[in-house]
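Undergrad: Here you go, one structure.
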Amino acid sequence: MLRSGLLLGHFWEFGAEEGDEVAGTPRIMTTASWPQVEENTDMATASKRQKTPEMPFVCLTDFQAQARERLSKTTWDYIEGGAGEGFTKEDNIAAFKKIRLRPRYLKDVSEVDTRTIIQGEKISAPICISPTGFHCLAWPDGEMSTARAAQAADICYITSTYASCTLEDIVATAPRGLRWFQLYVQRDRQLNKQLIQRVESLGFKALVITVDVPITGNRRHDIRNQVDLKTNLLLKDLRSPKESSGPCLQMSSIDPSNCWDDLSWLQSITQLPIILKGILTKEDAELAVKHNVQGIIVSNHGGRQLDEVLASIDALTEVVAAVKGKIEVYLDGGIRTGNDVLKSLALGAKCVFLGRPILWGLACKGERGVEEVLNILKNEFHTSMTLTGCRSVAEINRDLIQFSRL
Ligand SMILES: Cc1cc2nc3c(=O)[nH]c(=O)nc-3n(C[C@H](O)[C@H](O)[C@H](O)COP(=O)(O)O)c2cc1C
């Protein structure tokens with residue numbers, strides 16, 4: 201029913217050419233440019249899905265291992281890969297393990313509440329979904345499955361500019377879900393404006409501007425896999441189905457000239473809160489506050505952009521200090537356990553976001569897999585709170601943290 205010889209590469213997060221829509225199904229890429237060796241991968245994957253016996257998934261890395269089995273090598277490399285030597289990608293995880301917890305006991309923890317509020321909206325736990333492109337590569341229903349799982353879990357799902365389903369389909373399939381929209385600012389201003397107005401009218405609650413992709417990072421796996429960066433990817437037309445004329449996002453690329461002064465233009469055309477994703481330094485955090493944005497996601501794009509930058513959790517403290525509580529600060533990158541969530545909140549994040557683990561969940565079991573990933577992490581976080589004596593997220597603070605002397 202779906203992809204034949206899927207392809208992609210840097211373009212997932214970079215640009216696209218031409219779209220296609222099949223009635224009643226998600227919009228998907230339709231021509232192949234993965235290397236030949238990957239052809240028929242989806243048939244093979246589908247057959248593996250049928251044959252693989254149901255296994256208990258008890259932690260997020262169980263999904264990682266299974267997803268690797270189920271996806272083609274090129275797709276796996278694309279999802280999993282980091283930039284350069286993959287140092288920052290690894291460090292995102294390792295840095296959490298250098299932080300030790302200081303539990304407090306003899307508090308009544310018979311009731312523990314994981315709920316919180318971001319940008320004025322209630323969520324069931326401070327665990328949400330980062331924007332990642334082209335979910336149809338991992339599961340046929342793509343972002344529609346993700347959106348339904350996010351709605352069921354009662355958390356926020358940031359939809360990528362490069363979603364493989366239309367925004368209308370995503371909203372229709374999970375109309376009650378809390379959604380933010382991630383924008384790669386395009387060279388064509390009119391196109392940005394149309395897209396922003398469209399997501400606003402579709403009920404998205406915030407605009408997330410990704411700032412760390414003026415160009416795409418150097419992803420060696422994709423180059424080794426000979427993904428053709430120039431000719432291949434077909435991306436749907438991101439214009440509203442109702443728009444018959446005007447600029448089109450296809451082939452339009454991310455604007456590397458985008459800078460701080462351009463924020464005021466974006467602010468002039470939307471009522472939505474603006475959140476900057478990819479901030480790693482106190483200098484940029486101060487500028488973000490000065491330019492009146494409503495939030496920051498501390499992120500290094502999962503180590504996929506500039507290698508050897510700080511791990512997200514290591515950058516969090518200086519960003520939180522710089523904003524002085526004036527705006528909300530979130531984090532993504534390397535969140536794999538409930539303790540990671542607890543440590544992030546203890547160091548000042550209001551909420552964390554998951555990138556790859558959501559795609560692992562999708563690849564393993566579609567919507568149900570995403571729900572399980574979210575539930576496992578939520579349960580682990582609940583346990584972490586209980587065992588450190590935190591009855592509500594408001595009780596999570598810096599005193600819980602001991603940086604290891606190792
Ligand atoms: C396959 C893939 C696609 C991504 N696509 C986007 C995207 O379209 N927009 C964006 O802002 N970030 C994108 N990211 C970065 C994620 O939003 C997030 O910052 C990162 O995955 C978090 O790290 P984690 O994977 O360790 O959780 C992508 C990441 C991956 C792995």
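Count along the sequence shown from 1, add 200, and you get the number used in the numbering used here.
For every residue, glycine included, the Cβ atom is placed at its ideal position computed from N, Cα and C.
#1: Below 8 angstroms on the Cβ atoms is my contact criterion, and I expect residue 327 with residue 315 to pass it. Report the Cβ-Cβ distance as a whole number of Å.
#2: Does ligand 1 have even one heavy atom less than 6 angstroms from the beta-carbon of residue 331?
#3: So which of 355, 462, 569 has the shortest CA-CA distance to residue 387?
#4: For residue 571, which residues in the same chain have their Cβ closer than 7 angstroms to its Cβ, ignoring the five residues on either side in sequence?
#5: Let's see if you can read the secondary structure: which residues bound the alpha helix (DSSP H) around residue 564?
#6: Drop a sphere of 10 angstroms on the beta-carbon of residue 377, count the other beta-carbons inside from all chains shown, and report buried for 16 or more, exposed for fewer.
#7: Residue 336 by DSSP, collapsed to three states: which one?
#8: Taking the alpha-carbon positions, what's the residue 476 to residue 415 distance?
#9: So, does the region 585 to 603 touch the region 538 to 549, judging by three or more C-beta pairs under 8 angstroms?
#10: Cβ of residue 544 versus every heavy atom of ligand 1: is any distance shorter than 6 angstroms?
#11: Buried or exposed for residue 551, going by 16 or more other Cβ atoms inside 10 Å?
#12: Suppose you measure from the CA of residue 341 to the CA of residue 268; what does that come to, to the nearest Å?
#13: Quick one, which of 282, 266, 293, 265 has its alpha-carbon nearest residue 539's?
#14: Rounded to a whole number of angstroms, what is the C-alpha to C-alpha distance between residue 214 and residue 584?
#15: So what does DSSP say about residue 528, is it helix, strand or coil?
#16: What is the DSSP secondary structure of residue 402, counted as helix, strand or coil?
#17: For ligand 1, any of its heavy atoms closer than 6 angstroms to the Cβ of residue 382?
#18: Using C-beta distances below 6 angstroms, list every residue in its chain close to residue 241, excluding the 5 sequence neighbours before and after it, in chain order.
#19: To the nearest angstrom, report how far apart residue 385 and residue 497 are at their CA atoms.
#20: I need the DSSP call for residue 408, collapsed to helix, strand or coil.
#21: What residues match up with residue 298 in a beta bridge as DSSP calls it?
#22: Is it buried or exposed, residue 339, if we count other Cβ atoms within 10 angstroms and call 16 or more buried?
#23: Report the rounded CA-to-CA distance for residue 574 versus residue 358, giving the unit in angstroms.
#24: Under a Cβ-count criterion, where at least 16 other Cβ atoms within 10 Å of its own Cβ denotes burial, should residue 306 be classed as buried or exposed?
#25: Just confirm the distance between the C-beta atoms of residue 667 and residue 472, as a whole number of angstroms; I'd bet it's less than 8 angstroms.
#26: Comparing the CB of residue 421 with every heavy atom of ligand 1, is any distance shorter than 6 angstroms?
#27: Say yes only if the C-beta of residue 367 is nearer than 6 angstroms to one or more non-hydrogen atoms of ligand 1, and no if none qualify.
#28: Any heavy atom of ligand 1 closer than 6 angstroms to the beta-carbon of residue 302?
#29: Buried or exposed: where does residue 390 fall if 16 or more other Cβ atoms within 10 Å of its Cβ makes it buried?
#30: If we count the other Cβ atoms within 10 Å of its Cβ and call it buried at 16 or more, is residue 317 buried or exposed?
#31: Return the residue from the list 409, 310, 576, 470 that minimises the CA-CA distance to residue 400.
#32: Give me, in chain order, the residues of the same chain whose beta-carbon lies closer than 6 angstroms to that of residue 150; leave out the 5 immediate sequence neighbours on both sides.
#33: Report yes if the C-beta distance between residue 270 and residue 549 is below 7 angstroms; otherwise report no.
#34: Going by DSSP in three states, residue 498 sits in which element: helix, strand or coil?
#35: Comparing alpha-carbon positions, which option in 556, 409, 599 lies nearest residue 535?
#36: Decide if residue 520 is buried, meaning its Cβ has at least 16 other Cβ atoms within 10 Å, or exposed.
TA: Let's see:
#1: Residue 327 sits at position 127 when you count from the first residue of the sequence shown. Residue 315 sits at position 115 when you count from the first residue of the sequence shown. With 8 angstroms as the limit, residue 327 and residue 315 do not qualify as a contact, their Cβ atoms being about 11 angstroms apart.
#2: For this step, residue 331 is matched to residue 131 along the sequence shown. Residue 331: yes, Cβ under 6 angstroms from ligand 1.
#3: Here the question's residue 387 lines up with position 187 in the sequence shown. With distances taken between Cα atoms, residue 387 lies closest to 462.
#4: Within the sequence shown, residue 571 is the residue found at index 371, counting from 1. Hits under 7 angstroms: 349, 352, 353.
#5: Within the sequence shown, the letter at position 364 stands for residue 564. That run of the alpha helix (DSSP H) goes 556 to 588.
#6: Start at 1 with the first residue of the sequence shown, and residue 377 comes out as number 177. Taking all protein chains shown into account, residue 377 has 16 or more neighbouring C-beta atoms within 10 Å of its C-beta and is therefore buried.
#7: Counting from one through the sequence shown, the residue named residue 336 turns up at place 136. Residue 336: helix per DSSP, three-state reduction.
#8: Here residue 476 refers to the residue found at position 276 when the sequence shown is read from its first residue. Here residue 415 refers to the residue found at position 215 when the sequence shown is read from its first residue. Looking at the two C-alpha atoms, the distance is approximately 17 angstroms.
#9: These segments touch.
#10: Counted from its first residue, the sequence shown places residue 544 at position 344. Not under cutoff, so the answer is no.
#11: Numbered from 1 along the sequence shown, position 351 holds the residue referred to as residue 551. Around the C-beta of residue 551, 16 or more other C-beta atoms lie within 10 Å, and the residue is accordingly described as buried.
#12: Taking the first residue of the sequence shown as 1, we reach residue 341 at position 141. Taking the first residue of the sequence shown as 1, we reach residue 268 at position 68. Answer to the nearest angstrom: the Cα atoms are 19 angstroms apart.
#13: Stepping through the sequence shown from its first residue, residue 539 is reached at position 339. Nearest of 282, 266, 293, 265 to residue 539, Cα basis: 293.
#14: Residue 214 sits at position 14 when you count from the first residue of the sequence shown. Residue 584 sits at position 384 when you count from the first residue of the sequence shown. Any reading at residue 214 is ruled out, since the residue's pLDDT is 35, under 50, leaving its predicted position unreliable.
#15: Counting from 1 along the sequence shown, the entry for residue 528 is found at position 328. Three-state result, residue 528: strand.
#16: In the sequence shown, counting from the first residue as 1, residue 402 sits at position 202. Residue 402: coil per DSSP, three-state reduction.
#17: As a working mapping, residue 382 is identified with position 182 in the sequence shown. Yes; taking the cut-off as 6 angstroms, the Cβ of residue 382 has a heavy atom of ligand 1 nearer than that.
#18: In the sequence shown, the residue the question calls residue 241 occupies position 41. Confidence is the limiting factor: at residue 241 the pLDDT is only 46, short of 50, which leaves the residue's position unreliable, though a coordinate-based value still follows. Spatial neighbours of residue 241 in its own chain (CB-CB distance under 6 angstroms, excluding positions within 5 residues in sequence) are listed in chain order as 272.
#19: In the sequence shown, the residue the question calls residue 385 occupies position 185. In the sequence shown, the residue the question calls residue 497 occupies position 297. Cα-Cα distance, rounded: 16 angstroms.
#20: For this step, residue 408 is matched to residue 208 along the sequence shown. Residue 408 falls in the strand class under three-state DSSP.
#21: In the sequence shown, the residue the question calls residue 298 occupies position 98. Looking at the DSSP output, residue 298 bridges to nothing.
#22: In the sequence shown, residue 339 corresponds to position 139, counting from 1. With 16 or more Cβ atoms within 10 Å of its Cβ, residue 339 is classed as buried.
#23: For the purposes of this step, residue 574 is identified with residue 374 of the sequence shown, where counting begins at 1. For the purposes of this step, residue 358 is identified with residue 158 of the sequence shown, where counting begins at 1. Looking at the backbone, the Cα of residue 574 and that of residue 358 are separated by about 14 angstroms.
#24: Here residue 306 refers to the residue found at position 106 of the sequence shown. The residue in question, residue 306, is exposed, as its Cβ has fewer than 16 Cβ neighbours within 10 Å.
#25: The shown model of the chain, from 201 to 606, leaves out residue 667, and the question about it has no answer.
#26: Along the sequence shown, read from residue 1 onward, the residue named residue 421 stands at position 221. No, the beta carbon of residue 421 sits no closer than 6 angstroms to any heavy atom of ligand 1.
#27: In the sequence shown, the residue the question calls residue 367 occupies position 167. False, no ligand heavy atom lies under 6 angstroms from that Cβ.
#28: The residue given as residue 302 occupies position 102 in the sequence shown. For ligand 1, no non-hydrogen atom lies closer than 6 angstroms to the CB of residue 302.
#29: Within the sequence shown, residue 390 is the residue found at index 190, counting from 1. If you draw a 10 Å sphere on the C-beta of residue 390, you find fewer than 16 other C-beta atoms in it, and that means exposed.
#30: The residue given as residue 317 occupies position 117 in the sequence shown. Around the beta carbon of residue 317, fewer than 16 other beta carbons lie within 10 angstroms, which makes this residue exposed.
#31: The sequence position of residue 400 within the sequence shown is 200, counting from 1. Minimum Cα distance to residue 400 is reached at 470.
#32: This structure does not reach residue 150, given that the chain is present from 201 up to 606, and the question cannot be answered.
#33: Start at 1 with the first residue of the sequence shown, and residue 270 comes out as number 70. Start at 1 with the first residue of the sequence shown, and residue 549 comes out as number 349. In this structure, residue 549 does not lie closer than 7 angstroms to residue 270 by Cβ.
#34: In the sequence shown, counting from the first residue as 1, residue 498 sits at position 298. Judged by DSSP in its simplified three-state form, residue 498 adopts strand.
#35: The count along the sequence shown starts at 1 and reaches residue 535 at position 335. Among 556, 409, 599, the Cα nearest to that of residue 535 belongs to 556.
#36: Position 320 of the sequence shown, counting from 1, holds the residue named residue 520. Buried.
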